[in-house]
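Residue numbers (this note's numbering): 7 to 339.
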Ligand SMILES: NC(=O)c1ccc[n+]([C@@H]2O[C@H](COP(=O)([O-])OP(=O)(O)OC[C@H]3O[C@@H](n4cnc5c(N)ncnc54)[C@H](O)[C@@H]3O)[C@@H](O)[C@H]2O)c1
């Protein structure tokens with residue numbers, strides 16, 4: 007959406023550390039690890055050697071459920087603890103930590119969030135586990151004077167965004183939404199993990215929250231990950247149906263099938279998130295950054311309709327550009 011945000015291009019992002027537990031990723035250079043093991047992501051670009059190896063993080067509940075049948079922890083994981091993670095994070099001194107742990111690993115996500123806040127780094131929670139929605143963790147980030155963005159990254163053009171945009175369209179024409187569903191299948195490890203009902207609970211809740219923010223009663227709506235289909239690989243297919251009533255009860259219905267490549271669809275949003283998080287930090291903002299979270303996440307602390315969320319996000323990007331230009335001009339004087 008933006009080549010520049012607050013004067014930053016995506017190429018300005020520098021990786022200083024990476025953590026995983028997978029035996030095929032720990033100890034590898036980051037450029038190799040991102041394609042190792044069961045990763046289904048398509049190799050679109052050749053990432054140059056980073057000179058930085060993936061470190062072992064504490065396992066906690068990271069591989070509970072079905073994921074543990076296809077990913078085995080590296081030998082060094084047994085020696086990793088929450089304390090060693092905090093020490094490694096303090097040594098790497100990141101400005102920002104991006105958390106892409108599996109859905110359902112509440113303990114592990116909480117550990118990374120705490121280590122990040124303690125190291126004075128901002129945190130982007132791409133998972134649906136509550137961090138921005140946790141009063142305690144959100145307060146910790148405010149107390150430590152760092153930014154927090156979350157929870158549950160939206161895809162760039164994904165089923166939730168399409169669904170909420172279509173609901174807003176129905177409402178804007180005065181068509182009352184009566185019933186709707188959003189069913190999703192995919193073939194990557196995220197979908198394998200989500201095929202386990204115990205692991206997908208937070209994702210189901212997060213998708214319902216996004217629909218509630220769009221202004222409908224989503225308590226009875228079927229919306230979520232609905233199955234692992236291995237041959238789809240990194241492709242994700244969403245099936246949407248919306249039924250409504252127009253003037254004098256005239257029925258209206260719509261069905262859409264959306265097919266996307268899952269990993270780049272998330273990367274596009276992270277490309278925005280890392281740069282707005284950095285801008286917010288430079289402007290002295292701390293804690294949950296509400297003006298951008300409703301656009302970037304499915305389960306923000308303060309939700310908004312699709313059009314309001316987009317408006318607020320674009321206004322933040324515009325103001326960040328102006329702030330940056332003022333700072334540069336002050337520096338020159
Ligand atoms: N389109 C998307 O890709 C997208 C969009 C929105 C949200 N998300 C969310 O982002 C998260 C990650 O998704 P993904 O597709 O990258 O999953 P993935 O399965 O490809 O990657 C998860 C990684 O976490 C590692 N891991 C497990 N336990 C760990 C621990 N304790 N410490 C460190 N690493 C650990 C795994 O080994 C694996 O490499 C999920 O919660 C998902 O719901 C993804």
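Just so you know, even glycine gets a beta-carbon here, dropped at the ideal spot from N, CA and C.
Quick check on residue i: does DSSP put it in helix, strand or coil?
i: residue 2; result: Examination of residue 2 is not possible in this model, given that the chain is present from 7 through 339 alone.
i: residue 214; result: helix
i: residue 56; result: coil
i: residue 246; result: strand
i: residue 67; result: coil
i: residue 298; result: helix
i: residue 319; result: helix
i: residue 330; result: helix
i: residue 14; result: strand
i: residue 21; result: coil
i: residue 311; result: coil
i: residue 192; result: strand
i: residue 43; result: coil
i: residue 203; result: helix
i: residue 35; result: strand
i: residue 239; result: coil
i: residue 304; result: coil
i: residue 337; result: helix
Exposed or buried, residue i, counting other C-beta atoms within 10 Å across all chains shown (16 or more means buried)?
i: residue 295; result: buried
i: residue 79; result: buried
i: residue 137; result: buried
i: residue 20; result: exposed
i: residue 192; result: buried
i: residue 95; result: buried
i: residue 31; result: buried
i: residue 142; result: exposed
i: residue 93; result: exposed
i: residue 99; result: exposed
i: residue 312; result: buried
i: residue 52; result: exposed
i: residue 157; result: buried
i: residue 231; result: buried
i: residue 14; result: buried
i: residue 214; result: buried
i: residue 12; result: buried
i: residue 259; result: exposed
i: residue 179; result: exposed
i: residue 64; result: buried
i: residue 321; result: exposed
i: residue 160; result: buried
i: residue 225; result: exposed
Are residue i and residue j close, meaning C-beta to C-beta below 9 Å?
i: residue 283; j: residue 301; result: no
i: residue 123; j: residue 66; result: no
i: residue 91; j: residue 163; result: no
i: residue 56; j: residue 37; result: yes
i: residue 144; j: residue 307; result: yes
i: residue 198; j: residue 72; result: yes
i: residue 186; j: residue 268; result: no
i: residue 318; j: residue 292; result: no
i: residue 152; j: residue 83; result: no
i: residue 8; j: residue 323; result: yes
i: residue 110; j: residue 240; result: no
i: residue 222; j: residue 253; result: no
i: residue 134; j: residue 208; result: yes
i: residue 277; j: residue 16; result: yes
i: residue 44; j: residue 76; result: yes
i: residue 244; j: residue 165; result: yes
i: residue 146; j: residue 125; result: no
i: residue 117; j: residue 103; result: no
i: residue 155; j: residue 176; result: no
i: residue 169; j: residue 246; result: yes
i: residue 216; j: residue 309; result: yes
i: residue 287; j: residue 18; result: no
Report yes if the C-beta of residue i is less than 8 Å from at least one heavy atom of ligand 3; otherwise report no.
i: residue 214; result: As presented, the structure is devoid of ligand 3, carrying ligand 1 as its sole ligands.
* Could you pull out every unbroken alpha helix (DSSP H) segment of at least 4 residues lying fully inside the region 74 to 102, listed in chain order? => 88 to 98
* Entirely enclosed beta strand (DSSP E) segments - the region 256 to 294, minimum 3 residues -> 257 to 267
* Asked: Going along the chain, which unbroken runs of the alpha helix (DSSP H) with 4 or more residues stay wholly within the region 139 to 182?
  -> 141 to 150, 165 to 178
* **Every unbroken alpha helix (DSSP H) inside the region 111 to 139 [4 residues or more]** => 112 to 124
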